[in-house]
Structure formats: structure tokens, C-alpha cells
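Asks:
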Amino acid sequence: MCYNNPNSLKIRRLKQYFTAGLLTVPRISKQKAGGRAFSNRAPFLWNGLPVHVRDADSVSTFKSLLKTHLFSRSYD
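The sequence shown begins at 1271 in the working numbering and counts up by one.
#1: In whole angstroms, give me the CA-to-CA distance for N1310 and W1316.
#2: Can you name the start and end residues of the alpha helix (DSSP H) that S1344 belongs to?
#3: Below 8 Å on the Cβ atoms is my guess for L1293 versus P1313; work out the distance and round it to an integer in Å.
#4: CB-CB under 7 Å to A1326, same chain, minus the five flanking residues each way: which ones, in chain order?
#5: Where does N1312 fall in DSSP's three states?
#6: Within 10 Å of its beta-carbon, does V1323 have 16 or more other beta-carbons around it, so buried, or fewer, so exposed?
Quick look at the structure:
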């Protein structure tokens, strides 16, 4: 019989997110005001960015890569 501790699964999932540079998205209903809140949408948008943008070395590099990414998405 195999038993998985729910806490160890949660920790493993968080480690995978951390090493990938991803943020956890809280589970909130979109029909409620909290579903549209910045704290709910920001991790979703961050996780949608390409890895090279998320892994920028500095704020100025991040801004430049983000701007390039957004412009390329708007013209595709």
C-alpha cells in the first residue's frame, strides 16, 4: 500500500514552482471580487511570461525584455 502525505506533496509542488521561477496562483472564484484582484491575477500573468523574461538579471533588463515581449505579442 502506497501512502502519500498531502503535506509532502504540497512541499514537492512548491519546490517545483520555486525552481521554475513560477508563483502559485491562489484558488479564488472569478465571480467574486477577489478573483479579479491583483494578488490573484499577478501570479497568473507572471507564470505566463517566457522564462528568459522572468530570469532577467536586473530590473532594467527585465523592463526591456518585457516591453519587447509585449510588443511582439501585440503584433502577432
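The beta carbon of each residue, even a glycine, is placed where N, CA and C say it ideally should be. For clarity, every value in this text was computed on a predicted model and none was experimentally measured.
Replies: Looking at the atomic coordinates:
#1: Here residue 1310 refers to the residue found at position 40 when the sequence shown is read from its first residue. Here residue 1316 refers to the residue found at position 46 when the sequence shown is read from its first residue. Approximately 11 Å between the Cα atoms of the pair.
#2: Position 74 of the sequence shown, counted from the start, is the residue given in the question as residue 1344. Looking at the DSSP string, the run of the alpha helix (DSSP H) that includes S1344 is 1329-1344.
#3: The residue labelled residue 1293 in the question sits at position 23 within the sequence shown. The residue labelled residue 1313 in the question sits at position 43 within the sequence shown. That pair is a contact at about 4 Å.
#4: To locate residue 1326, count along the sequence shown from 1; it is residue 56. Closer than 7 Å at the Cβ level, and outside the excluded window around A1326, lie F1332, L1335.
#5: Reading the sequence shown from its first residue, position 42 is the one you call residue 1312. Asn is not the amino acid found at residue 1312; the sequence shown has Ala there. Helix at A1312.
#6: Within the sequence shown, the letter at position 53 stands for residue 1323. So V1323 ends up on the buried side.
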